[in-house]
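Following: one structure in structure tokens, then a few remarks.
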Amino acid sequence: MTAGAAGAVGAGLRSERAPVYVGAAGIVLGALSFWVTLPPVTARYPAWPIVLGAAAAAAGAFAAWRGARRVGISAITVGVLGAALGILATHSSVSNLVQVFTWSSLLASMFVFATPLTYAAIGGMVSERSGVVNIGLEGMMLMGAFWGIYGAEKTGSWVLGVLIGMLAGGLLAVIHAYFSIHLRADQIVSGMGMNFLAVGITGYFFVQLYHGENVGANVPRIPDLNLHIKDVYFLGPTFGHLNLMIWIGFLVVALSYVVVFKTPVGLRIRSCGEHPRAADTVGINVYAVRYGAVITSGLLAAAGGAYLSVGFVGTFNENMTAGRGFIALAAMIFGNWRPFGAFGAALLFGFSAALAFKMQVYDASLPGIAVLINILPYVLTLIAVAGVIGRSTPPAADGRPYKKQ
Amino acid sequence: MIEPGGNEQPEAPPAKAQLALGLAQLQRAGGLVTPVITTLLAFAIGGVVVLAAGHDPLATYRAIFDGAGLNWFFPWVTGADRANAALNLQQTLIITTPLILTGLAVAFAFRCGMFNIGGQGQYMVGAIMSVWIGSSFAGMTGWLHILLTVVLAMLAGAAWAGIAGFLKATTGAHEVITTIMLNWIAYWGGSYLFGLGGPLQSDVRKFVPISSDVADGAKLPVFWGDPQLQGLHVGLFIAVAALVVFWVILSRTTLGYQVRAVGYNPEAARYGGISVARNYVVAMAISGTFAGLAGALDILGWQFRLSVGAVQVSQVGFIGIAVALLGRNTAVGTFFAALLFGALYTGTSTRSLDPSVFRPDLAGSLAQIIQGLVVLFVGADVLVLYVWNVRRKLRRGRVTPAPRPATGAGP
Amino acid sequence: MRLIRPLSVVLVLVLALAAAGCGGGGGDKKSATSTQGVGPLRVGLVTDTGQLNDRGFNQLAYQGLLRAEKILGVKGRVLESPSPADYVPNLSTLARQGYDLVVAVGFDQAAAVAKAAAAFPNTRFAIIDVSQGDLQDKPKNVRGLVFREQEAGYLAGYAAALQIKSTPGPHVISTVGGEKQPPVDRYIAGYQAGAKAADPTIRLLNGYSQDWVDQAKCKELALSQIAAGSQVVFAVAGGCGLGVLDAAKEKKVWAVGVDADQGYLGRQVLTSALKKVDQAVFLTIQDVKDGTFVGGADSVFGLDKDGVGLGAFSKISKPSLPRVVAKVRRQIISGVIKNLPTTVS
């Protein structure tokens, strides 16, 4: 029996896809080596992370040796990193760990930070899938944030506020679309121009309309969705009281997947992004499709910004988005221009931001750690964009203006 | 004044669309007319904004012009006004100095086909290194200390940008993303280093999140204005020299040729035997060198210290992007673009702008709107060239040719 | 040849601009010499890079200036500094124009003030949050305006601990600071000491948002402290701190405002720890007007001079709080309670 099993394993190991699976298993083991030292498992012997990490590295080495280099190297990295973090965790007190890794509040926090990124990343994905690079997501988000809260305050309704914010982002997107599609300008340059313009416009009108005062204290806010599951273990505190826009964000991700990858509309969009000449020959109006995609990206990014102001914070400050649009761009690339990938990346960034806040509890023992932890999401992106994902494959005609013949 | 190696003015082309397409995409360099027209257009639209806000655009622009000290160049301005203009011009040129360099940083990378948004991080890394080296070695001879600091700052900037170049060369990681991430890492790194208890926090003033001061011997000499009151330092000349170096490298060296070849068409360059990967790394490194130099000149010229607040509020690297774009990635263009944005900054400051002409707190945003418009229109040189060509054709009585089917592959 | 057309257009435009500019020298109010002591007193304020709408010291100082304009009849002018490069030019512009008092805000400007004071020894300077003794060469024409934030923090902490003392379960309060800096840490240290004095078993949490503006960050930090059990969150983070107040409202716990009375933002604001920068600026201007301004030393603003204090209590707070806190206040002023900590361990 064992000989047969060994034979089967041996045959399995020699198959084509084996190295990739082994490497993937290595990544899982590496993540596990850290996870076991955290609540609720909270293993206290360093032996655990060391063993699991070593197993991960071994699996990775095997995978790399057998040809699945990228997965293999990732597994080794994750294994070493996980083991190191796991060992660190065993040195920390259990109460500190419990305080930091209250998973439910950590995850709820993660969703809050990730949602603006999600909207913008999905928007960026739609635009780039049609072939137009949109670096101006940051500017469109900012427009949504300002005009959203202004609209909510003036109309007394958060729905109208969000819609007005989205409209503002859409208008900016129209300008970007015009310059990129009709005038065939450099799309990255045009996008940067959008960002400068948005900062200037929102700054100008913030002073002009509010005279340096704060936005009123009673702006109608986007409500939370109360699921009445507070007492359900883990799911209750995590999902029970999330903002409506967060849930809509989940819907947007799913919807974008269906539309872009499963419908004729999506096929048109993607063909304009891969081979606009061919799409044109078949009778697709490339200009119209691209316009639509860019405007959609503006609407979505602005919705993300509106969530930030009308949903989460309840007010506006100058340059409120503070670089989130660029992180959304990174999330999109990280996710390889696919909706669930971008969503996953946005969650990763949200998680590291949430963790950064929680880690403050260690600041007394390691001064400055609270500041340094802020670097985490950016380092993660670097590693991901460079290592794990490697050469990212954008749509073939991404960034190239198209001229109709 | 067309820069050698840049783009010539276009002939009235039969396939003007193809040429414009090429200009807009492949070359990203050259020409003088376009940026001038672009700037005028942006100012015109800015003027409309000012008008809509209920103010006089001409008076506003004149006030900004005076506030930047540019009226110092007019010989009929005398006496107290001239003294004032001198002070304003000194400040304008102090701001222009790092903008020239961060503009060059972006421009150099563009010539290699890369978009270096990381000028801010590279500047900051250079500044941090300058503060560190400049405040250590207190006994060192002046010029040696300055030299050491500047060189190390340039190397720091080169290394920081080189990371992005290396990642692009080896893994194909897009430099827009990597440089943005590196910006933030530099931002938080600086906040950590100068925060309370941080490694580079002042030994003297232990309770504020600020660095040590740069040693007196390492400060750059001031050649115009009061050295005690932030006069204009010789860093300006170093920045202008960097412009020359930029031009020389790109148009007179093999390295520059290779960089430009990769920028035009990486595939063709590779086919021609040029190592694309190596050029990515080298181009980014040189790009970072310029930005790091900007950091050094600012620290040794007028800043003399860094605080966490200063790290977080700095925007020099980002404005450098607009400078490079407006300057069409050429040396001469970068100089004038840097001067323009420096003048916009000082001209709209609260101390210069008369509140009855235009509200100072709005003026900053106005300057940013103009900046955005400039960047936008620069990217659309197709528009400008189209208008330019059509006008010329009408004057010569030529008929606009019918569009021809595209010959050859697109970009 | 082709260049002549556009270049000539540009040239014409430049000349036109210049012609427009040469008439009357631009009607500027910035003549370099100005008479001192004739007409109303002129007071200038130079903000730091946080600028006017930081909902913090810059704004408060400005309010003090406005009050002085109204009550004392001085003429005020505010110069904003978007970048550190503006500090020295702003300060020297005001000094050059013969302003009677130049007020600078924040430690970031300390070096610039030292330089300006040395270059203009006849101009009076005041700097907020910096001791004159910390300035290079200890210039004799500068007065430092320093505050005993720890006293205000102590009162706030005491009130907070009292408010939740009768609630069941463990008592936890927390603070959200902007950055680890002396003014912030003085507040926090006082708050923690005051809370411990009222309730020795109380647990204290602390965190820094590393941001003065982004309210989302402060809200997140506050939410995570509330999730860890905090019942009163003290915001010491300028404009960012408003996010803390919002988090408290959302989770129905208490919040304490800072610097100015933030009670108008909601009933969840138990009270506010006040740092009366506006009062300090007003008093300093008054000194100049009365001729009693003395440079080369510090004005220390504590509870005794009404330089710091506590704002109004929330309508739904315990009715006994004002009386009890007033007693503690008297004890601090009289010295019964002393040696309040100023640093956070």
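Protein chains in written order, with the numbering used here: chain A, 6 to 410; chain B, 190 to 600; chain C, 100 to 444.
From the three backbone atoms N, C-alpha and C, an ideal C-beta is built for every residue, glycine too.
With a 10 Å radius around the Cβ and a threshold of 16 neighbouring Cβ atoms, Phe426/B comes out exposed. Boundaries of the beta strand (DSSP E) around Asn305/C: 302 to 307.
DSSP places Thr274/C in no alpha helix (DSSP H) but in the uninterrupted beta strand (DSSP E) bounded by 271 to 276. Short of 8 Å from the beta carbon of Phe392/C, and not among the five residues preceding or following it, lie these beta carbons of its own chain, in chain order: Leu200, Arg223, Arg242, Thr383, Asp386.
Secondary structure at His422/B: strand, using DSSP grouped into helix, strand and coil. Asp270/B sits buried, since 16 or more C-beta atoms from the chains shown fall within 10 Å of its C-beta. Leu93/A is outside the set of residues whose beta carbon lies under 8 Å from a beta carbon in chain B. In this model, Val435/C and Pro267/C are separated by some 31 Å (Cα to Cα). Look at Ser135/A: its C-beta is not under 8 Å from any C-beta on chain B. The Cβ-Cβ distance between Thr160/A and Gly153/A does not fall below 8 Å. Chain order gives no chain B residues near Ser110/A, where near means a beta carbon separation below 9 Å; the closest approach is about 24 Å. Neighbours of Tyr381/B across chain A, judged by C-beta separation under 7 Å: Gly373, Val376, Leu377.
Annotation for Ala30/A: Ala64 place their beta carbon closer than 6 Å to its own, counting only its chain and skipping 5 residues before and after.
When Cβ-Cβ separations below 8 Å define contact, Ala499/B makes contact with chain C.
Taking 8 Å as the CB threshold, Glu278/C lines the interface with chain B. For chain C, the residues of the stretch 361 to 395 of chain B that bring a beta carbon within less than 9 Å of one of its beta carbons are Trp377, Ser380, Gly384, Leu385, Gly386, Arg394, in chain order. Residue pairing from DSSP leaves Asn101/A without any beta-bridge partner. Around the CB of Asp236/C, fewer than 16 other CB atoms lie within 10 Å, so the residue is classed as exposed. For Trp342/A, the closest C-alpha among the options Gly245/A, Ala401/A, Val287/A is that of Ala401/A. For Pro344/A against Val270/A, the beta-carbon gap comes to about 15 Å, at or over 8 Å, which does not count as contact. Residues of the same chain with a CB within less than 6 Å of the CB of Pro24/A, apart from the 5 flanking positions on each side, are Ala68, Arg71, Gly72, Ala73 in chain order.
Within chain A, the residues placing a beta-carbon under 8 Å from that of Ala511/B are Met197, Phe201, ordered along the chain.
In this structure, the CA atom of Leu344/C is about 28 Å from the CA atom of Leu244/C. Going by DSSP, Gly143/C is part of the beta strand (DSSP E) stretching over 141 to 145. Excluding residues up to 5 positions away in sequence, Gly143, Val201 lie with their Cβ nearer than 6 Å to the Cβ of Leu193/C in the same chain. For Gly319/A, the C-beta contacts it makes with chain C under 7 Å involve Asp345, in order along the chain.
In the three-state scheme derived from DSSP, where H, G and I count as helix and E and B as strand, Val380/C is classed as helix.
Among the residues of the stretch 224 to 256 of chain A, none has a Cβ less than 7 Å away from any Cβ of chain C.
The shortest CA-to-CA distance from Ala375/A to any of Arg428/C, Ser308/C, Phe333/C is the one to Ser308/C. In the structure shown, the three-state DSSP call for Phe547/B is coil. Per DSSP, reduced to three states, the secondary structure at Asn231/A is coil, with no helix or strand assignment. Residue Tyr257/C holds the alpha-carbon nearest to the alpha-carbon of Arg422/C among Pro282/C, Leu190/C, Tyr257/C.
Annotation: the continuous alpha helix (DSSP H) that includes Lys267/A extends over 249 to 267. In this structure Leu420/C touches Gln262/C by the C-beta definition: roughly 7 Å separates them, less than 8 Å.
Against chain C, the CB of Thr123/A has no partner CB under 8 Å away; the residue lies outside that interface. The Cβ atoms of Ala125/A and Gly309/A lie closer than 8 Å to each other.
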